[in-house]
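Chains A and B, in that order, are what the protein sequence lines are. With the working numbering applied, the first sequence covers 41 to 322. With the working numbering applied, the second sequence covers 114 to 273. We put the beta carbon where it would ideally sit given N, CA and C, even for glycine. Here the structure is laid out as structure tokens; the discussion comes afterwards.
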Amino acid sequence: MIPASFEYLAPTSLADALSALAEAGDEGKVLAGGQSLLPVLRMRLNAPEKVIDLGRIEELRGIREDGDHLVIGAMTTHADVAASDLVWEHAAVLADAAAEVADPQIRHRGTIGGALVHADPAGDLGAPVLALDAEFVIAGPGGERTVAAADFFVDLFETAVEDGELLTAIRIPKHTGWGGHYEKFVRVAHQWSIVAVAAAVRVEDGAIAEAKVGLTNMGSTPLRAAAVESALVGRSTGDLGDACSAAADGTNPPSDLNGDAEYRKHLATVLTKRAVLAAAGG
Amino acid sequence: MTRISVTVDGVKYSDDVEPRTLLVHYLRENLGKVGTVIGCDTSNCGACTVHLDGRSVKACNVLAVQADGHEVTTIEGLAEGGQLHPMQQAFHEHHALQCGYCTPGMIMQAIDILKDNASPSEEQIRAGLEGNLCRCTGYHNIVKAVSAAAEAGAGSKAGE
Chain A
41 MIPASFEYLA PTSLADALSA LAEAGDEGKV LAGGQSLLPV LRMRLNAPEK VIDLGRIEEL
101 RGIREDGDHL VIGAMTTHAD VAASDLVWEH AAVLADAAAE VADPQIRHRG TIGGALVHAD
161 PAGDLGAPVL ALDAEFVIAG PGGERTVAAA DFFVDLFETA VEDGELLTAI RIPKHTGWGG
221 HYEKFVRVAH QWSIVAVAAA VRVEDGAIAE AKVGLTNMGS TPLRAAAVES ALVGRSTGDL
281 GDACSAAADG TNPPSDLNGD AEYRKHLATV LTKRAVLAAA GG
Chain B
114 MTRISVTVDG VKYSDDVEPR TLLVHYLREN LGKVGTVIGC DTSNCGACTV HLDGRSVKAC
174 NVLAVQADGH EVTTIEGLAE GGQLHPMQQA FHEHHALQCG YCTPGMIMQA IDILKDNASP
234 SEEQIRAGLE GNLCRCTGYH NIVKAVSAAA EAGAGSKAGE
């Protein structure tokens with residue numbers, strides 16, 4: 041299958057990309073790593089007149105420290121996130137999740153920014169960045185703004201990034217010393233998550249002092265399991281008791297060929313327990 | 114049309130392509146590199162795996178224009194002076210194929226695995242091949258071949 045014809049633009053700076061985007065208007069589509077977009081174009085589910093490739097903008101790539109934050113450029117690949125010592129040290133659950141995205145070939149091309157703006161509810165990066173209280177740096181014609189993770193995911197395939205805007209970086213508060221684990225449940229290799237759980241925990245003297253839990257594919261956006269987070273505080277890592285039983289509270293997961301909503305709710309409690317235990321080093 | 118310059122298997126090519134041309138179509142139809150095959154056309158099967166700047170990608174999921182200025186290695190660029198690449202040799206010796214259709218992609222991905230990890234465990238090999246499907250289900254000998262190639266030191270050659 042071959043995409044419909046389009047004009048290809050390959051700006052080399054963020055400013056040029058924003059101008060190209062403004063000029064293209066509704067006719068433009070942004071190409072990041074292309075691992076979700078190219079299948080869509082090949083199947084002709086979308087046929088933009090202009091494709092604006094961000095792949096030649098160096099300033100959008102890379103991982104660096106900025107005080108008590110990690111800053112990950114939007115065009116950084118999943119493979120680079122998963123291989124980053126900085127990310128493992130300060131945001132382990134995100135590195136663990138990046139290593140679970142699709143398959144190695146896709147991870148070499150696919151980008152963190154592209155995946156987050158695509159906002160597939162079964163995508164693997166939303167839950168960890170939500171759990172870690174990340175901030176999203178968005179550039180537009182009027183300058184730059186920062187959006188909290190809690191406000192970034194709007195709905196199915198919809199984020200706070202408006203027309204004419206580009207996500208440039210993800211800022212993650214350092215969770216140094218926290219354990220992290222992403223527990224993904226699939227039936228076959230390199231499938232989208234049926235359900236997955238991102239857990240980050242800080243353990244003190246054998247007990248959980250703080251916990252953050254994000255859920256993948258339990259609704260139209262990534263979700264936080266707030267009830268579990270508070271229930272985990274004070275628990276011994278050797279005995280979580282019923283702290284994870286509320287993982288699916290307030291969720292509205294989809295029903296499809298992989299499982300109905302009730303199945304997913306059950307799965308969420310099981311996977312949350314596994315994720316928290318692994319994150320706590322249990 | 115857009116002008117691109119790509120180095121493929123060590124040879125530099127310049128061509129005018131339509132922006133919508135997939136890298137796999139460019140390799141096969143413009144350059145005649147038919148060793149890289151098209152399997153599923155949905156970026157699931159990995160049969161079209163090539164190396165772009167030394168890392169594995171699915172050539173059906175990259176536009177030729179995205180490869181402009183970059184370096185591509187296909188299955189046809191592995192052998193040197195009539196000598197099979199150690200990974201190709203291992204696939205041959207362990208009969209790591211049945212119909213053979215997935216083999217080019219399997220070999221390219223297997224070499225990529227050894228770039229990160231020169232002596233992977235069986236589990237790591239299987240995980241590293243998760244983006245490559247063998248419709249004959251002949252995985253067992255494929256894993257054995259990768260393991261044997263690693264033991265024979267193919268990892269040191271994986272850097273190319």
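Inset, instruction - Can you tell me which of the three DSSP states Gln196 (chain B) falls into? - result: strand
Legend entry - Coil, strand or helix - Thr291 (chain A) by DSSP: coil
Inset, instruction - Assign Ser124 (chain A) to buried or exposed, taking buried as 16 or more other Cβ atoms, counted over all protein chains shown, within 10 Å of its Cβ. - result: buried
Legend entry - Residue-chain proximity (Asn254 (chain B), chain A), Cβ-Cβ < 8 Å: no
Inset, instruction - With a threshold of 16 other CB atoms inside 10 Å of the CB of Ala188 (chain A), please say whether the residue is buried or exposed. - result: exposed
Inset, instruction - Measure from the C-beta of His230 (chain A) to each C-beta in chain B and report whether the shortest distance is under 8 Å. - result: yes
Inset, instruction - May I have the straight-line CA-CA distance separating Glu302 (chain A) from Lys252 (chain A), to the nearest angstrom? - result: 23 Å
Legend entry - Residue environment, Cys93 (chain B), which counts as buried when at least 16 other CB atoms sit within 10 Å: Because residue 93 (chain B) is not part of the residues shown, which for chain B are 114 to 273, the question remains open.
Legend entry - Complete runs of the alpha helix (DSSP H) confined to the region 160-207 of chain B [at least 4 residues]: 199-206
Inset, instruction - Identify every residue that forms a DSSP beta bridge with Asp296 (chain A). - result: A:Gly299
Legend entry - C-beta neighbour in chain A for Val101 (chain B), strict 8 Å: Residue 101 (chain B) falls outside the range modelled here, since chain B spans only 114 to 273, and no answer is possible.
Legend entry - Neighbour list for Asp154 (chain B) in chain A, Cβ cutoff strictly below 8 Å: Met41 and Arg82
Legend entry - Pair within 8 Å by beta-carbon distance, Lys146 (chain B) and Glu189 (chain B): yes
Inset, instruction - Look up Glu273 (chain B) in the DSSP assignment and say whether it is helix, strand or coil. - result: With a pLDDT of only 48 at Glu273 (chain B), under the threshold of 50, the placement of this residue in the model should not be trusted, and no figure is reported.
Inset, instruction - Report yes or no: is there a C-beta of chain A within less than 8 Å of the C-beta of Arg248 (chain B)? - result: no
Legend entry - Test: Asp128 (chain B) CB closer than 8 Å to a CB of chain A: no
Inset, instruction - With 8 Å as the limit, tell me which residues of the region 84-102 of chain A have their beta carbon closer than that to any beta carbon of chain B; keep them in chain order. - result: Val91, Asp93 and Gly95
Legend entry - Every unbroken alpha helix (DSSP H) within the region 164-238 of chain A, with a cutoff of 4 residues, ordered by chain: 166-171 and 189-192
Inset, instruction - In angstroms with no decimal places, state the Cα-to-Cα distance between Gly220 (chain A) and Val177 (chain A). - result: 24 Å
Legend entry - For Asp108 (chain A), the three-state DSSP class (helix, strand or coil): coil
Legend entry - Beta carbon proximity, Pro79 (chain A) to chain B, threshold 8 Å: yes
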